[in-house]
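Q: This is the structure, below, for whatever I ask next.
Protein chains in written order, with this note's numbering: chain A, 13 to 127; chain B, 9 to 120.
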């Protein structure tokens with residue numbers, strides 16, 4: 013299994029809703045990432061987990077809450093989002109070799125629309 | 009700080025060769041990646057350079073000069089399916105190598 017899966021593919025939510033994005037990989041990768049990507053812009057790093065511990069939080073607002081229940085799963089919990097949070101949310105994973113991460117494998121993304 | 013520059017758009021003809029340049033500034037260079045991203049899809053890994061020189065993988069090659077903060081991606085025998093955005097990304101050693109900064113991407117249009 014050489015892929016990263018993400019669910020759901022599309023999500024529409026109101027500003028008062030609570031929802032979660034899910035990401036899964038079975039490649040034995042020990043680094044997992046959340047990125048946000050707006051149209052015609054590059055992916056922006058949000059969070060990094062290494063060995064199931066949060067290692068990087070790029071000053072992301074607290075309405076985004078990441079969780080890494082185990083080495084294969086990564087969640088992003090959403091609460092009280094704003095319309096400007098509408099974007100493609102990408103999950104990625106990478107192997108850690110020699111203490112540093114190799115290339116990242118990206119999931120297909122969740123297209124989020126906040127009304 | 010960190011900065012990555014790539015041309016916004018390029019156009020090339022099917023069967024030709026195209027070179028996409030990338031210049032970067034970072035205080036803790038720890039490797040450079042090239043990714044391909046088709047519209048509406050996730051990025052896919054193309055190549056990785058950490059030492060100076062050329063890395064070749066089939067129709068794709070990538071070059072790095074660390075002293076010049078410069079890389080290029082060379083695509084040979086262009087095909088229509090190569091129309092996509094090409095993202096140059098630099099790994100930052102200052103965060104243990106776990107932070108990768110992406111350039112804005114170069115949109116390549118391949119015409120018949």
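Using N, Cα and C, we set each Cβ at its ideal position, and we do this for glycine too.
As the structure is a computational prediction, the values presented were derived from the model and not from experiment.
What number of angstroms, rounded off, separates the C-alpha of residue 127 of chain A from the C-alpha of residue 31 of chain A?
A: For this step, residue 127 of chain A is matched to residue 115 along the first chain. For this step, residue 31 of chain A is matched to residue 19 along the first chain. Cα to Cα, the separation comes out at about 13 angstroms.
Q: Based on the DSSP secondary-structure assignment, which residues constitute the bridge partners of residue 82 of chain A?
A: As a working note, residue 82 of chain A is residue 70 in the first chain. Per DSSP, A:85.
Q: Name, in chain order, the residues that DSSP records as bridge partners for residue 19 of chain B.
A: Reading the second chain from its first residue, position 11 is the one you call residue 19 of chain B. Residue 19 of chain B pairs with B:117.
Q: Ordered along the chain, which non-local residues of its own chain (more than five positions away) have a Cβ less than 7 angstroms from that of residue 43 of chain B?
A: Counting from one through the second chain, the residue named residue 43 of chain B turns up at place 35. The answer, listed in chain order, is 51, 52, 53, 54, 95 and 97.
Q: Taking just the CA atoms, how far does residue 86 of chain B sit from residue 122 of chain B?
A: A question about residue 122 of chain B goes unanswered here, because the residues of chain B that appear run from 9 up to 120.
Q: Does any C-beta atom of chain A lie closer than 8 angstroms to the C-beta of residue 77 of chain B?
A: As a position in the second chain, residue 77 of chain B is number 69, starting the count at 1. Not an interface residue.
Q: Would you verify that the beta carbon of residue 53 of chain A is, or is not, closer than 8 angstroms to some beta carbon of chain B?
A: The count along the first chain starts at 1 and reaches residue 53 of chain A at position 41. By this cut-off, residue 53 of chain A is an interface position.
Q: With a cut-off of 8 angstroms on the beta carbons, I'd call residue 25 of chain B and residue 114 of chain B a contact; round off their distance for me.
A: The residue you call residue 25 of chain B lines up with position 17 of the second chain. The residue you call residue 114 of chain B lines up with position 106 of the second chain. Their Cβ separation, rounded to whole angstroms, is 15 angstroms, which puts residue 25 of chain B and residue 114 of chain B out of contact at 8 angstroms.
Q: I'd like to know if residue 4 of chain B contacts chain A, where contact means its C-beta is closer than 8 angstroms to some C-beta of that chain.
A: Nothing about residue 4 of chain B can be reported from this structure: the residues present for chain B run from 9 to 120 only.
Q: Just to make sure I have the definition right: I need the residues of chain A whose C-beta is within less than 7 angstroms of the C-beta of residue 111 of chain B. Which are they?
A: Start at 1 with the first residue of the second chain, and residue 111 of chain B comes out as number 103. In chain order: 54.
Q: Rounded to whole angstroms, what's the CA-CA distance from residue 17 of chain A to residue 44 of chain A? Just pull it up for me.
A: As a working note, residue 17 of chain A is residue 5 in the first chain. As a working note, residue 44 of chain A is residue 32 in the first chain. About 12 angstroms.
Q: Using beta-carbon positions only, say whether residue 20 of chain A and residue 122 of chain A come within less than 8 angstroms of one another.
A: Along the first chain, one-based indexing puts residue 20 of chain A at 8. Along the first chain, one-based indexing puts residue 122 of chain A at 110. It is a contact, given that the beta carbons lie within the stated cut-off.
Q: Say whether chain B places a C-beta atom closer than 8 angstroms to the C-beta of residue 60 of chain A.
A: One-based indexing of the first chain puts residue 60 of chain A at position 48. It does; some Cβ of chain B falls within 8 angstroms.
Q: For residue 76 of chain A, which residues from the same chain have a beta carbon less than 7 angstroms from its beta carbon, with the 5 sequence-adjacent residues on both sides left out?
A: Counting from 1 along the first chain, the entry for residue 76 of chain A is found at position 64. So the qualifying residues of the chain are 58, 88 and 90.
Q: Could you give the first and the last residue of the continuous beta strand (DSSP E) run that contains residue 21 of chain A?
A: If you number the first chain from 1, residue 21 of chain A lands on position 9. Careful: residue 21 of chain A lies outside any beta strand (DSSP E) and carries neither H nor E.
Q: Going by DSSP, name the residue or residues bridged to residue 99 of chain B.
A: Mapped onto the second chain, residue 99 of chain B falls at position 91. Answer is B:108, bridged to residue 99 of chain B.
Q: Going by the beta-carbon positions, is the gap between residue 39 of chain B and residue 102 of chain B smaller than 8 angstroms?
A: Numbered from its first residue, the second chain carries residue 39 of chain B at position 31. Numbered from its first residue, the second chain carries residue 102 of chain B at position 94. No, the Cβ-Cβ distance between residue 39 of chain B and residue 102 of chain B is not below 8 angstroms.
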